[in-house]
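The numbering used here applies: residue 136 is where the sequence shown begins, and numbers increase by one. Glycine included, C-beta positions come from ideal geometry on N, C-alpha and C. First up is the structure itself, then whatever we jot down about it.
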Amino acid sequence: MSAAEAAALIAPGHTVGMSGFTGSGHPKAVPQALAARIEAAHAQGQPFQINLWTGASTSPELDGLLAKVGGLRQRLPFQSDPACRERINGGEIDYVDLHLSHVAQHAWFGFFGRMDVAVIEVLGILPDGRLIPSAAVGNNKTWLEIADKVILEVNGQLPAEMEGMHDIYYGTAIPPRRQPIAMTQATERIGEPYLRVDPAKVVAVVETHASDRNTPFARPDAVSQQIAGHIIEFLTHEVKMGRLPKDMLPLQSGVGNVANAVLAGLLDGPFDDLLGFTEVLQDGMLELLKRGKMRAASSTAISLSGDAMREFTENIDFYRERIVLRPQEISNHPELVRRLGVIAMNAMIEADIYGNVNSTHVMGSAMMNGIGGSGDFARNGYLSFFVTPSVAKGGAVSCIVPMVSHVDHTEHDTQIIVTEQGLADLRGLSPRKRAQLIIDRCAHPEWRPLLQDYFDRAQRQGARHTPHLLGEALSWHQRCLETGSMRPLETVCL
136 MSAAEAAALI APGHTVGMSG FTGSGHPKAV PQALAARIEA AHAQGQPFQI NLWTGASTSP
196 ELDGLLAKVG GLRQRLPFQS DPACRERING GEIDYVDLHL SHVAQHAWFG FFGRMDVAVI
256 EVLGILPDGR LIPSAAVGNN KTWLEIADKV ILEVNGQLPA EMEGMHDIYY GTAIPPRRQP
316 IAMTQATERI GEPYLRVDPA KVVAVVETHA SDRNTPFARP DAVSQQIAGH IIEFLTHEVK
376 MGRLPKDMLP LQSGVGNVAN AVLAGLLDGP FDDLLGFTEV LQDGMLELLK RGKMRAASST
436 AISLSGDAMR EFTENIDFYR ERIVLRPQEI SNHPELVRRL GVIAMNAMIE ADIYGNVNST
496 HVMGSAMMNG IGGSGDFARN GYLSFFVTPS VAKGGAVSCI VPMVSHVDHT EHDTQIIVTE
556 QGLADLRGLS PRKRAQLIID RCAHPEWRPL LQDYFDRAQR QGARHTPHLL GEALSWHQRC
616 LETGSMRPLE TVCL
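Structure, rendered in structure tokens:
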């Protein structure tokens, strides 16, 4: 049927699970038809909102459009759209920020309530009813299983040769019947190539021919290249010290330009025959595969720029043998991350002098995107890097602060912090030693004296295990809210 006819099957108040993970594999037609229906209802004074669950972020044509027309009441577990973010920070959307590895199991446990409709993009439907997954698997397996009704979008845009790239694991169970996941290698296959669905639940099939978001990535700048250089130097040292094997351990890289710059740095690094075990495969990892520096990669989604997608499509036979796509409950599973010894690299907004990391909130209250999978990998990885430029807003904001305005990853989960200034290896260090190392290695030179002054004065007052001046700990953020800069007033005036 048409997208409009399918969208008519979604009612106000419905909880809708949609496919999509970091701009790929999301339904293209039904969300736009649904947004038009919601807008028409609002024009007639009729309330119309839904609860939207996905794998991760989607696109302006889904998240953005539904947010703009006021169609979202609840959103989980991750988003990155400006319009959606504005509504969340305006208090108009109830946003539930979750570890990506938790979403499917919490849905299965019934923690979030029932799902009325699932709208899932696939590449095709086999005669026996099995589904060929798209460029993102995400939570699709779970949505197809728990939804009362299913709408399928069959997208003919991606190459049909992607069939067979997927590994859908159906061995999960609810406690106390849960069993160990029998996987010991990053690219080992433990499932089947297709998604299953009860045909009786499928109420609509919509044909589309549209591309994913394909957002271009910025070329690595000097700051990103410096961060990458520090990480590669550190990994080389770890191999030399015998703490890493010469052929490295599987790599996970978060989303964004800095993460891609780190992967780009590995192209000319000393490591070969690399493996990827990540949640989203971006341009940097595709280039490693193309150049032969990476042997194979496991992910839950492929999210590429336009140029990289053309490279992928034109050489699909090459990449089909080297990429496996899984549900995110497997790609992000703590059991597997720990067993495989994944080396994790994720971006952050800020870190404090003791190693607490804020990945999600600007100035403590405004949501940026969400925690995503960073916690899944940070707590369970063999090595975990958190990376950021040392300053933001042209130097007006320090990304190393006395105390973070929001904590996503505590000091207990943070191993290594990297800025363009340097790298702080926090393993085995007490809080005060961590603080001095972060100030010396990671803070920008303009901010280092202010951080040192705070730390020195804090050590002269009260307990000295984790010294803080509580009256000043968040004063940098307050000053930024009031003046647009974290700099002390006398510095701004000068």
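Exercise. Considering only residues of the same chain and omitting the five flanking positions on each side of PRO385, which have a CB-CB separation below 6 angstroms?
Worked result: Walking along the sequence shown from the start, residue 385 turns up at place 250. These residues qualify, in order along the chain: ALA321, LEU410, PHE412, LEU475, VAL477.
Exercise. So, PRO566 versus GLU546, is the Cβ gap smaller than 8 angstroms?
Worked result: Your numbering for residue 566 matches position 431 in the sequence shown. Your numbering for residue 546 matches position 411 in the sequence shown. Against a cut-off of 8 angstroms, the Cβ pair of GLU546 and PRO566 comes out as a contact.
For this session: Put ASN349 into one of helix, strand or coil per three-state DSSP.
Result: For the purposes of this step, residue 349 is taken as residue 214 along the sequence shown, with counting starting at 1. Three-state DSSP puts ASN349 in coil, outside helix and strand.
Exercise. Taking the C-alpha atoms as reference points, what is the distance between ALA139 and ALA168?
Worked result: Here residue 139 is taken as the residue at index 4 of the sequence shown, counted from 1. Here residue 168 is taken as the residue at index 33 of the sequence shown, counted from 1. The alpha-carbon atoms of ALA139 and ALA168 are separated by roughly 5 angstroms.
For this session: Decide if HIS600 is buried, meaning its Cβ has at least 16 other Cβ atoms within 10 Å, or exposed.
Result: The residue given as residue 600 occupies position 465 in the sequence shown. Looking at its Cβ environment, which holds fewer than 16 other Cβ atoms inside 10 Å, HIS600 is exposed.
For this session: Along the alpha helix (DSSP H) that carries ASN290, what are the first and last residues, could you check?
Result: What you label residue 290 is simply residue 155 of the sequence shown in a count that begins at 1. Careful: ASN290 lies outside any alpha helix (DSSP H), inside the beta strand (DSSP E) at 282 to 290.
For this session: Alpha carbon to alpha carbon, how far is GLY291 from GLU422? Give it in angstroms, no decimals.
Result: Counting from 1 along the sequence shown, the entry for residue 422 is found at position 287. Counting from 1 along the sequence shown, the entry for residue 291 is found at position 156. So the alpha carbons of these two residues sit roughly 25 angstroms apart.
Exercise. Is it the case that the Cβ atoms of LEU279 and ILE303 are separated by a distance below 8 angstroms?
Worked result: The sequence position of residue 279 within the sequence shown is 144, counting from 1. The sequence position of residue 303 within the sequence shown is 168, counting from 1. No.
Problem set entry | Runs of beta strand (DSSP E) lying entirely within the region 318 to 379, each at least 3 residues, in chain order | Those beta strand (DSSP E) runs which fall completely within the region 318 to 379 and span 3+ residues are 337 to 343.
Exercise. Based on the DSSP secondary-structure assignment, which residues constitute the bridge partners of GLY225?
Worked result: Within the sequence shown, residue 225 is the residue found at index 90, counting from 1. GLY225 pairs with nothing; no bridge assigned.
For this session: For the alpha helix (DSSP H) holding ILE573, just list the boundary residues, first then last.
Result: Here residue 573 refers to the residue found at position 438 when the sequence shown is read from its first residue. Taken as a continuous stretch (DSSP letters only), the alpha helix (DSSP H) holding ILE573 covers 566 to 576.
Exercise. Are GLY190 and GLN613 touching if we call contact CB-CB under 8 angstroms?
Worked result: By one-based count along the sequence shown, residue 190 stands at place 55. By one-based count along the sequence shown, residue 613 stands at place 478. No, they are not a contact pair.
For this session: Please work out which residues of its chain come closer than 8 angstroms, Cβ to Cβ, to PHE244, disregarding the five sequence neighbours upstream and downstream, and give them in chain order.
Result: Sequence index remark: in the sequence shown, residue 244 carries index 109 (1-based). Closer than 8 angstroms at the Cβ level, and outside the excluded window around PHE244, lie ILE309.
For this session: Go to ARG473, then tell me how far its beta strand (DSSP E) extends in each direction, as first and last residue.
Result: Your numbering for residue 473 matches position 338 in the sequence shown. Where ARG473 is concerned, there is no enclosing beta strand (DSSP E), although the alpha helix (DSSP H) it sits in stretches over 469 to 475.
For this session: Please classify ARG208: does DSSP put it in a helix, a strand, or coil?
Result: Taking the sequence shown and counting its residues from 1, the one referred to as residue 208 is at position 73. The three-state reading of DSSP puts ARG208 in strand, counting E and B together.
Exercise. The beta strand (DSSP E) with ASN186 in it runs from where to where?
Worked result: Here residue 186 refers to the residue found at position 51 of the sequence shown. Going by DSSP, ASN186 is part of the beta strand (DSSP E) stretching over 185 to 188.
Exercise. Among GLU555, ASP511, SER540, which has the Cα closest to the Cα of GLU485?
Worked result: Residue numbering aside, residue 485 sits at position 350 when the sequence shown is read from its first letter. Measuring from the Cα of GLU485, the nearest candidate turns out to be SER540.
Problem set entry | For PRO217, the three-state DSSP class (helix, strand or coil) | For this step, residue 217 is matched to residue 82 along the sequence shown. Three-state DSSP puts PRO217 in a helix.
Exercise. If ILE419 and SER388 are in contact, beta carbons under 8 angstroms, what's the gap, nearest whole angstrom?
Worked result: Residue numbering aside, residue 419 sits at position 284 when the sequence shown is read from its first letter. Residue numbering aside, residue 388 sits at position 253 when the sequence shown is read from its first letter. In the sequence on display, residue 419 carries Gly and not Ile. Yes, GLY419 and SER388 are in contact; Cβ-Cβ is about 7 angstroms, under 8 angstroms.
For this session: State the CB to CB distance for the pair ILE574 and ILE488, rounded to an integer number of angstroms; the pair is presumed to be in contact (CB under 8 angstroms).
Result: For the purposes of this step, residue 574 is taken as the residue at position 439 of the sequence shown. For the purposes of this step, residue 488 is taken as the residue at position 353 of the sequence shown. The pair is a contact, with the Cβ atoms about 6 angstroms apart (cut-off 8 angstroms).
Exercise. Once you ignore the five residues that flank VAL627 on each side, which residues in its own chain have a CB closer than 7 angstroms to its CB?
Worked result: To locate residue 627, count along the sequence shown from 1; it is residue 492. Confidence at VAL627 is low in this model, with a pLDDT of 46, below 50, so its placement is unreliable and no value can be given for it.
Exercise. Buried or exposed: LEU605, going by 16 or more other Cβ atoms within 10 Å of its Cβ?
Worked result: Counting from one through the sequence shown, the residue named residue 605 turns up at place 470. Classification of LEU605: exposed, given that the 10 Å Cβ count is below 16.
Problem set entry | Presumed contact (8 angstroms Cβ cut-off) between LEU207 and ARG222, rounded CB distance | As a position in the sequence shown, residue 207 is number 72, starting the count at 1. As a position in the sequence shown, residue 222 is number 87, starting the count at 1. Yes, they are in contact, since the Cβ atoms of LEU207 and ARG222 sit about 7 angstroms apart, within 8 angstroms.
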